[in-house]
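Right, one structure below, let's go through it.
There are 4 protein chains.
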Amino acid sequence: MSCVAEARVIVAGASGYTGALAARLVDRHPLFALHAATSRSDAGRSLDALYPYHRVGLVLEELDLDRHGEVEAAIVAYPHGAAAPVVAALLQRGVRVVDLSADFRLRDRAIYERWYGEHGAPDRFGEAVYGLPEIYEAQVASARLVANPGCYPTATLLALAPLARSGTIADVVVDAKSGVSGAGRKATETTHFVSMDENFVPYGVGAHRHMPEIDQELAALGAAVTATFTPHLMPLDQGELVSCYVTTTEPWSQEQLDGAYEVWAERHPFLEVVDTPPGVRDVRDSNVCRIHARADERTGKVFVFAALDNLWKGAASQAVQNLNLMFGLPETLGIEP
Amino acid sequence: MSCVAEARVIVAGASGYTGALAARLVDRHPLFALHAATSRSDAGRSLDALYPYHRVGLVLEELDLDRHGEVEAAIVAYPHGAAAPVVAALLQRGVRVVDLSADFRLRDRAIYERWYGEHGAPDRFGEAVYGLPEIYEAQVASARLVANPGCYPTATLLALAPLARSGTIADVVVDAKSGVSGAGRKATETTHFVSMDENFVPYGVGAHRHMPEIDQELAALGAAVTATFTPHLMPLDQGELVSCYVTTTEPWSQEQLDGAYEVWAERHPFLEVVDTPPGVRDVRDSNVCRIHARADERTGKVFVFAALDNLWKGAASQAVQNLNLMFGLPETLGIEP
Amino acid sequence: MSCVAEARVIVAGASGYTGALAARLVDRHPLFALHAATSRSDAGRSLDALYPYHRVGLVLEELDLDRHGEVEAAIVAYPHGAAAPVVAALLQRGVRVVDLSADFRLRDRAIYERWYGEHGAPDRFGEAVYGLPEIYEAQVASARLVANPGCYPTATLLALAPLARSGTIADVVVDAKSGVSGAGRKATETTHFVSMDENFVPYGVGAHRHMPEIDQELAALGAAVTATFTPHLMPLDQGELVSCYVTTTEPWSQEQLDGAYEVWAERHPFLEVVDTPPGVRDVRDSNVCRIHARADERTGKVFVFAALDNLWKGAASQAVQNLNLMFGLPETLGIEP
Amino acid sequence: MSCVAEARVIVAGASGYTGALAARLVDRHPLFALHAATSRSDAGRSLDALYPYHRVGLVLEELDLDRHGEVEAAIVAYPHGAAAPVVAALLQRGVRVVDLSADFRLRDRAIYERWYGEHGAPDRFGEAVYGLPEIYEAQVASARLVANPGCYPTATLLALAPLARSGTIADVVVDAKSGVSGAGRKATETTHFVSMDENFVPYGVGAHRHMPEIDQELAALGAAVTATFTPHLMPLDQGELVSCYVTTTEPWSQEQLDGAYEVWAERHPFLEVVDTPPGVRDVRDSNVCRIHARADERTGKVFVFAALDNLWKGAASQAVQNLNLMFGLPETLGIEP
């Protein structure tokens, strides 16, 4: 393993919630070294000033590819649209990249453009591996560019994969809930403490950008459905729950479900299949996704609940999981459950 | 209106959250007088000691029908099962009753017994009017016994009534969320601050007692479905949101929906139909239910979101609304939006 | 009372937390009519869009003295510095004003300028009555301009008045805590939900603008001290607690304290002296200040705790209390405890 | 280091918040092995069922000294009074003990009995080392029994040590705030979510058991004062802040203070002296205590603010820090900042 020891990693866009957490996880990783953390808006401030609890003393710098491009890998945490050119430039220099934005998640460029506008690096479009390691482990291992999934798609796909693969999903309603950190670090009327304290509110109804991503990946697994998906903001910091209500083409017994989900979890160290519905607190500050599946006799539907931490498994720690695989390391290294 | 002026009202079971709030609302009501507030567990303590913010100085007493039965009306806030005998005894004395428990909500005794066990006053079973004033206003006005609806059925029925009446509901998923006050005043592992802080958790999955109530009333409105219903606990005090995903037998345009919901709201002072999804904070400490209906082109489904305060419109202020109607008063008296 | 019936009131600066609440309280007041609510930043939006829970449908307008100056009274909720010229213009037109800013609270102009900079209406400096009705009731009743106190001075002075008047305060430490609404509606890094959730933090250490105001008023009552005052932000919306630790020149027994505080409270409907320390929740959404005084044998000090709602008694409802007095009305009208 | 490798440790009383966290920290420690975790109330349940986020699968057992006494060390997390006999029995078998209760913290038995009642193991009284490693490092290293300090004394002493040692403290007011986990796992009216949500409340006014502990240790450092100490409950889970207002016998300049606190921190890896007041979030889930000291010119006082996590540095991780020292290990092992 000497070849990978001390792989240098930069985090580009480290002043936001997910980038900062990625920087912390890389900084503590036994075989990665945090070479630099960059930020346009906060260059010159130390990460410790922004996020004391991460205890990373590094001073944020402006990204300078000449200085920062001489590394083995990069985690890019730029906004959608802004990420693509930076990712392309890093790839050009031979840097392996995990991109936290949505710029490389979709496989159909027309769909990308409908939801996000023009693409910033069309030549690279389609080169990325969709970085949900529980599904694309082998492809991630040999990838140069990994598109880290959105937090909602991560939870939804981990919840539904066994059902989707069985080809028995006729229809699915995904009622999703996220902590406020999912809305990003920007101070807005929505993210003001007084707006969200003692509040709970649906948003993005009918038009959330994670919809095409969910549909694309459900289809890839074998479920050609248009998923009903509605996110809500919860009055808490970190955490995400998806409550999935599945109409199936064939009935599932609880025993069949239990069997399918056991098989699903046993090969994946970060999946915990449990026999009571998970709370988001159960997985806080971890890369774990906790899942509960239930065959509901009353309605004939299958219910699946999946909880994860939107900043961890929904973003930064999943990026490290991908990086581990890209470097031939155990996927749990540095982010053990 | 002189005949109803100063109608004396007792609140039986006033140490719980809903009973205490009912006592406060009666105490401030221009035409009701709070004659007594009773409690087994906390007799001798003043309501002010338990709930300073209600500012009701009355000392809680043990219920004594000889002393407390000489009133015009009672709000009973006993646990399910315990309520029925007290309600029956009050009716026997000619007292008009609004019962906050589930003991008289269901019309089919077999269904009651399956979910709650033996009934405590079988002779009275079936005498009650289901106290959702927006639907049963006329019947409430002439009732001696009103069964105040559960908080989830209130929100769900107010959300779905126009669709149910149209006869076009083929299937419906109700993903419901409640503040912790909905779990009651009892101190348990679940209601401990540390358990719920930064948490969000499904409960009663597949078997919540509000299910038969929702199905009964949806059927009465014209929707003979088995609703999928799953409640969750949110890390906040008061508030409730139901997110309803309706599969319809015929397509609805947004215009048709808007028309139907406008008609629905315009006759009811506590319904607010709005053009963006409501947050639970919008209706805190009020008898208002705020509703948003959306025809979703992507999935062909109709989405309806309804927010209310589980302790107010979901319980205590709705009880006062019912009492207003039973005494021929404007339904908004003392609980103006 | 016919002369005051329907006094027209404008609220200038109604898009902030305190102005919006003032607008709601005026709107529901039995003898005031909300003539207009103004805002520079949000003109054209309805108050209901900003604060659905206030249920005030009025559309915010740009302030136009020609149209808005023809009223009996105004509540001005402008930032410090910006308030003075508007207040002066309103006074010029004969409008009675309650000013929520700090522009007219201080009596020493040099001190004002040290803390706030140049004054915007020096001719009017010194004309205002300091609007703490529990202390300056008579003066408020005949005032044309009332300077509504800061939230912290309100709590501190209500807590300490009996001790200050006794002339026995040798030294006092005031450790103060406020909900996040006290930091205002502006979206900043500090007021972001993620910054304050699960957090508690001192601020303004050694240099908070309420210091000279507290010292000025303590001195006026008879305590010529430099109070130690440190505010902290709490992870909640509305609420304020001051914990006061008083070194006295003479010992106080609990009986003496109880006597002094009973006398203090019995003349003031909004003061509640209680025998256990108050929580901020006890006074939420009310004009009440709840106070507990304790003679501590261990240390010889006197402890006083006072809780209020920073948006209500700390600002908007106290403004209405002042307005009531200025119009010869009962001070509790429209803001009954 | 081979002699200490794999030291077996039991945690007695692991179903409470601090015991469970201690079990987790021992379980992940590179040189300790979690031999057993015991609980009377929850024997038979797995720790994972109680605290999923700790990810410790061990099943709780009834304490059985014959089976559990054959270990190198124990962390005892029993209630005050109940701890002493168990501690004595473990010592008797040669087990090194860190006791999280107050049973061995005080050096004066009369004072112990006044605050806690009769002692459960008077023969052992006085044998313990007070386990604040930043002060008693050498003594801890050779101790068989360490009395882990209370959370408030830990924060207070770390805040005040440099001043106390200088002999210049004339008087001190400590206004302390703790998250609800500090009130323990027992479900009570006080710890109910609805009681503490949006609340903030003083408690233990004038008579909190940490008072004699604070005074004893301040005296040991050189400050013979009766500290004014008042704790408050905050509406959050984990976190503690002490705001200390010190009247000094001689004036301190900011430079002198900075110097003294730099010296204090530089020898202790868990102390962070910072130039702005810390929030409790800055130290969440860590063994760090963050301190800010300020010479206040206005009042002539010295202010010191110290933040820690009451379950970590205030209890469980400090116990591991002590255990590290007792086994000759680096104090940071397994609890690195």
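Protein chains in written order, with the working numbering: chain A, -15 to 321; chain B, -15 to 321; chain C, -15 to 321; chain D, -15 to 321.
Beta carbons: idealized from backbone N, C-alpha and C, even for Gly.
Rounded to whole angstroms, what is the Cα-Cα separation between residue i and residue j?
i           : j         : result
Leu225(C)   : Val247(B) : 47 angstroms
Tyr100(B)   : Glu315(C) : 51 angstroms
Gly(-9)(D)  : Val55(D)  : For the record, residue -9(D) in the displayed sequence is Ala; it is not Gly. Distance between the alpha carbons of Ala(-9)(D) and Val55(D) is about 8 angstroms.
Ala73(C)    : Leu47(C)  : 12 angstroms
Met(-15)(C) : Ala300(C) : With a pLDDT of only 38 at Met(-15)(C), under the threshold of 50, the placement of this residue in the model should not be trusted; the figure read from the coordinates follows. Taking the straight line joining both Cα atoms gives about 24 angstroms.
Pro186(A)   : Ala139(A) : 18 angstroms
Arg193(B)   : Phe16(D)  : 48 angstroms
Val258(C)   : His176(C) : 35 angstroms
Leu31(C)    : Ala154(A) : 45 angstroms
Ala249(C)   : Glu118(C) : 9 angstroms
His216(A)   : Pro196(C) : 45 angstroms
Gly0(B)     : Gly206(A) : 50 angstroms
Can you give me the Cβ contacts of residue i inside the same chain, cut-off strictly under 6 angstroms, excluding the 5 residues immediately before and after it?
i         : result
Leu317(C) : Asn308
Arg80(D)  : Ala57, Arg128 and Met310
Arg77(A)  : Gly53
Val264(A) : Gly223, Leu225 and Ala291
Glu234(A) : Thr152
Leu241(B) : Ala277 and Ala279
Should residue i be labelled buried (16 or more other beta-carbon atoms within 10 Å of its own) or exposed?
i         : result
Asp11(A)  : buried
Glu256(B) : buried
Arg365(D) : The structure shown does not extend to residue 365(D), since chain D spans only -15 to 321, so no value can be given for it.
Pro14(B)  : exposed
Glu281(A) : exposed
Leu172(D) : Looking at the sequence itself, residue 172(D) is Thr, so the reference to Leu does not match. The residue is exposed, with fewer than 16 neighbouring Cβ atoms inside 10 Å.
Ser179(D) : buried
Gln238(A) : exposed
Pro133(C) : buried
Ala337(A) : This structure cannot settle anything about residue 337(A), because the visible part of chain A is limited to -15 through 321.
When you compare the CB of residue i with every CB in chain D, is at least one pair closer than 9 angstroms?
i         : result
Arg193(C) : no
Asp159(C) : yes
Thr214(C) : yes
Ordered along the chain, which non-local residues of its own chain (more than five positions away) have a Cβ less than 7 angstroms from that of residue i?
i         : result
Tyr96(A)  : Leu90 and His103
Glu45(C)  : Ala20, Thr22 and Ala27
Gln200(B) : Leu90 and Arg91
Tyr62(B)  : Ala(-4), Gly(-3), Val70 and Ser85
Pro321(D) : Pro253, Phe254, Ser270, Asn271 and Val272
Give a yes or no on whether the minimum CB-CB distance between residue i and chain A is below 9 angstroms.
i         : result
Arg98(B)  : no
Ala211(B) : yes
Glu250(D) : no
9 angstroms is my cut-off, CB to CB: does residue i come that close to chain B?
i         : result
Val189(D) : no
Phe177(A) : no
Nearest CA to the CA of residue i: which residue from the options?
i         : options                                        : result
Leu141(D) : Val124(D), Val(-5)(D), Gln123(D) and Ala160(D) : Ala160(D)
Val286(B) : Pro262(B), Arg274(B), Pro253(B) and Val230(B)  : Val230(B)
Lys297(A) : Phe109(A), Val(-5)(A), Ile119(A) and Cys135(A) : Cys135(A)
Ala167(D) : Leu220(D), Ala143(D) and Leu144(D)             : Leu220(D)
Arg98(B)  : Ala191(B), Val40(B) and Val157(B)              : Ala191(B)
If we cut at 9 angstroms on Cβ distances, does residue i have a partner in chain C?
i         : result
Asp48(B)  : no
Glu201(B) : no
Tyr1(A)   : yes
Pro321(B) : yes
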